[in-house]
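Going down the list, the protein sequences come from chains S and F. Take the position in the first sequence, starting the count at 1, then add 55; the result is the number in the numbering used here. Take the position in the second sequence, starting the count at 1, then add 1461; the result is the number in the numbering used here. Ideal placement from N, C-alpha and C gives every residue a C-beta, glycine not left out. Below: one structure, written as structure tokens.
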Amino acid sequence: MVTIPVGELRVQSRSLAGEAWLSELFSSLPVLAGSAWLAGQQQRARQALAGESLPSRRQEAWRFTDASAITAIPAHRLERLAAPAALPAPAAQVLRLVLDGHGDPLEGLALPEGLERLDPAVVEELCGEALDANGAAASWPVQLNGALAHQVLALRVSQPLPIVLELVSDTGDAAGVLGLRLLLVLDPGASLEVLEVHRARGASLTSVVLEARLGPGARLRHGLLAQGQPPQPAAAADELPSSAGAAPVLLHHLAVVQDPASELQLTAAVSGWGLARLEPMVVQRSGAAFTRLRGLQRVDGRQVVDTHSRVLFAGPDGRLDQVHKALADGAGRSVFNGAVIVPRQAQRTDAAQLSRSLLLSDRARIDTKPELEIVADDVKCAHGATVSRLQQDELFYLQSRGIAADQAARLLLRGFCEEVLAELPTPSALWQPLALLMGEEPAP
Amino acid sequence: MIRPDAPVLLEICDLRASVEEQPILKGVNLTIRAGEIHAVMGRNGSGKSTLSKVLAGHPAYRVTAGSVHYRGEDLLALLPEQRARIGLFLGFQYPVEIPGVSNLEFLRVATNARRQEQGLEELDTFAFEDLVRERLKVVQMDPAFLERSVNEGFSGGEKKRNEILQMALLDPLVAILDETDSGLDIDALRIVAGGVNHLASADNATLLITHYQRLLDVITPDYVHVMAAGQILRTGGKELALELEESGYDWVDAELERLEASAPEGLATAQASRTPAEVG
Ligand SMILES: Nc1ncnc2c1ncn2[C@@H]1O[C@H](COP(=O)(O)OP(=O)(O)OP(=O)(O)O)[C@@H](O)[C@H]1O
Ligand SMILES: [Mg+2]
């Protein structure tokens, strides 16, 4: 007789819940009418997911991250929002596209010279290319997005653009699943600043897959502000479905392909989600490009944020400068896994990765792991990871100048965050990144 | 300036303190009156910085016995920030670097905390900029340092100037300067010493921790104390520093041995040092 350990049983029942959640979600989605290509994509993704269930902690890439929070989100597509959330007025020189998964965000907009909608035939050709190049097509969040997405926002940039492109989603208090699929193509020598903002406070899942192609000499400065907020305590809780208290989930995948002499500067700030999983992946397909990654994540309460980054140098003379920071408070859980892959052909690669985490509570947990695969012999690869508490000497220095202990701690935490937030594109200030990150009520 | 009738600002009696159960201060006695400048000298590891940090309230040190009164108030009962607000200042031997925290913002928050205690109005960013620009002149510091993170990437001498700038802004009654002269080039030493002299008045007092006569050439001390093994072993006038410059600390060992012999329990009960009050 075989006895099944209790743990196994639990895993079993959870995966069943995942499977049921997926099939309920898929059956709720409308049949795609427009594009046969997209319908095919969707079908393939759904087939791949059939019988797959949710990512399990038995998989290496999900070892520290419990994805079961996903099943607390109502398994249907997010309705078109009746009252779109109040967003800060866009700054000058900002082109804002609001993404709600329903309408065409470009409708009625005059695009500036050098920015255009990508031709559908080209979209079909290029969509998925960056995912494949990064070996990411089989990632669960990517497949889920493929199964959901029924439109692709695809833009081509043909010259240096003097504007900041804001890509914004805000699901507010709404419940359900939002899938967003984006493609950015930067021609040789083109440059673009993007500020991507995702907000949620209800029982919603925001799934984003963004692919970017940087031609030779192209420059992309990309800011990602992922501002979740804990659900509001409902006034009449008994009238709401049981999922109403579930915290928002974000699954974000960014796949970039860089040609030589291109520059990618990615800065991400994430906080406030019940579960957030970020997968920034970059391949320098012939090396000789520059990649600068900055990440900041904060967890509190029972939140989980997991960043799995991956940078692959497929040619020589590439450079990477990566700093990842984490703050873990309450009973939160912060995971960082930073893969850097330097195969034999990637000689003279110069890569530096630093992970700095602050543990602010005894119940919080931080798992951070550099994952360096270096085969080439003539390379410079530096990496370091620290997990510490607020430094007593730093606190004391501030206190010895008359600053109260709690204010001193706040100053230190702000300082810790500012180093990353300062690298976001300028219009980010309107979104009050620091206040939201620290879980403070944003100023009106 | 010694005035026997000047009010006592700081009175340290038989102060003992440990770090990780290891006794470091073993009975320090010292009285400081308004208007006085004291110098504390002594070998490396004798406990000078420990004394300064215990006075400022560093949490790593545990006071095991003795008392410290600041203008009659029990200093040891106060939090570090309260001590600072009522006018105690510690210029650190090793100022701490705080990445991401702007020096200007830090100085403003600190200055306002002190001003609030003094019953002065808080300064907004503009008023503070005016004040800080004026005080920068005391230490001849480049305003560019205001824009940087606190002490981050500052050279040794720049950090020390930043300490004196803080002192100039916080207007303390008792300033303890722990080796503010070390790491300074000749010009910087003159500037920093000039700043300290400029800020010294009949109402406040300064405790200089130093290894070198060259600082005391520019800031004339009223008292010189020699620390050894966690106590003040000898107190004298400014000539004591010159004597040390001549003959070094060799006599310290003999004296410590003598004390040990007369007090087998350790140095704890030794009362060899005379307090400045007795000298005056
Ligand atoms: N936090 C600490 N942990 C362990 N030991 C300490 C600590 N602080 C001080 N000590 C020890 O206490 C003794 C006195 O140190 P302190 O820094 O006060 O000396 P000092 O007189 O200032 O020396 P210097 O002239 O080198 O600055 C030394 O032996 C030192 O190692
Ligand atoms: Mg010292």
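Of the residues F:F1589, F:L1565 and F:N1564, the one whose Cα lies closest to the Cα of R1576 of chain F is F:F1589. Not a single heavy atom of ligand 1 lies less than 6 Å from the C-beta of S1643 of chain F. The Cβ-Cβ distance between L220 of chain S and T226 of chain S does not fall below 7 Å. Within the DSSP bridge table, the entry for H253 of chain S names S:S224 and S:A281 as partners.
Shortest gap from the CB of K1621 of chain F to any heavy atom of ligand 2: 6 Å or more. Beta-bridge analysis with DSSP links I1498 of chain F to F:T1667. Under the three-pair Cβ rule at 8 Å, the stretch 129–148 of chain S does not count as touching the stretch 313–329 of chain S.
Judged by the Cβ position, S1507 of chain F qualifies as a neighbour of ligand 1 at the 6 Å threshold, a heavy atom of the ligand being closer than this.
Secondary-structure assignment with DSSP links T1586 of chain F through no beta bridge to anything.
Chain order gives the chain F residues near D448 of chain S as V1557, where near means a beta carbon separation below 7 Å. By the neighbour-count criterion, in which a residue is buried when 16 or more other Cβ atoms sit within 10 angstroms of its Cβ, E1534 of chain F is exposed. The contact set of A1574 of chain F on chain S, defined by CB atoms closer than 9 Å, consists of R456, G457, I458, A459 and Q462 in chain order. Bridge pairing for S246 of chain S: S:P215 and S:R274 [DSSP]. Counting only runs that start and end inside the stretch 428–484 of chain S, the alpha helix (DSSP H) elements of at least 4 residues fall at 447–454 and 460–476. Between Q1554 of chain F and the set F:L1638, F:V1687, F:I1463 and F:G1656, the nearest pair of CA atoms involves F:L1638. If one requires a minimum length of 4 residues, the alpha helix (DSSP H) runs lying completely within the stretch 1588–1642 of chain F are 1617–1631, in chain order. Shown here, I1652 of chain F sits in a helix according to DSSP, grouped into three states.
Identification of chain S residues near P1465 of chain F by a Cβ-Cβ cut-off of 9 Å yields none; the smallest Cβ-Cβ distance measures about 31 Å. Any Cβ of chain F closer than 7 Å to the Cβ of E473 of chain S would place that residue at the interface, and such an atom is present.
Taken residue by residue, none of the stretch 166–177 of chain S has a beta-carbon sitting less than 7 Å from a beta-carbon on chain F. Its chain contains P143 and A146 as the residues whose beta carbon lies nearer than 7 Å to that of L485 of chain S, once the 5 sequence neighbours on both sides are disregarded; these appear in chain order. The beta carbon of P488 of chain S sits closer than 7 Å to those of L280, A324, L476 and L479, all from its chain and outside the five residues before and after it, given in chain order. DSSP places P196 of chain S in the helix class (H, G or I) of the three-state scheme. For F368 of chain S, there are no C-beta contacts with chain F under 7 Å, since the nearest C-beta of that chain is about 29 Å from it.
Between the alpha carbons of G370 of chain S and M493 of chain S lies a distance of about 40 Å.
Near chain F, meaning a CB-to-CB distance below 8 Å, the residues of the stretch 467–497 of chain S are L467, R469, G470, F471, C472, E473 and E474. Taking I1670 of chain F as reference, the option from F:L1491, F:E1482 and F:S1510 with the minimal CA-CA separation is F:S1510. Looking only at F:S1723, F:I1693, F:L1660 and F:L1634, the smallest Cα-Cα distance to I1547 of chain F is reached by F:L1634. Counting only unbroken stretches of 3 or more residues, the beta strand (DSSP E) elements lying wholly within the stretch 1540–1588 of chain F are 1549–1552 and 1559–1563, in sequence order. With fewer than 16 other Cβ atoms inside 10 Å of its own Cβ, R135 of chain S counts as exposed. Residue pairing from DSSP places P335 of chain S in a beta bridge opposite S:L309.
V378 of chain S: member of the beta strand (DSSP E) spanning R374 to A383, first to last residue. Within chain F, the residues K1514, A1517, G1518, H1519, P1520, A1521, P1541 and V1557 have their CB atoms less than 9 Å from the CB of F451 of chain S, given in chain order.
Relative to ligand 2, the beta carbon of Q1627 of chain F is positioned no closer than 6 Å to any heavy atom.
Cβ contact annotation for G439 of chain S (same chain, cutoff 6 Å, sequence separation greater than five): L409, in chain order.
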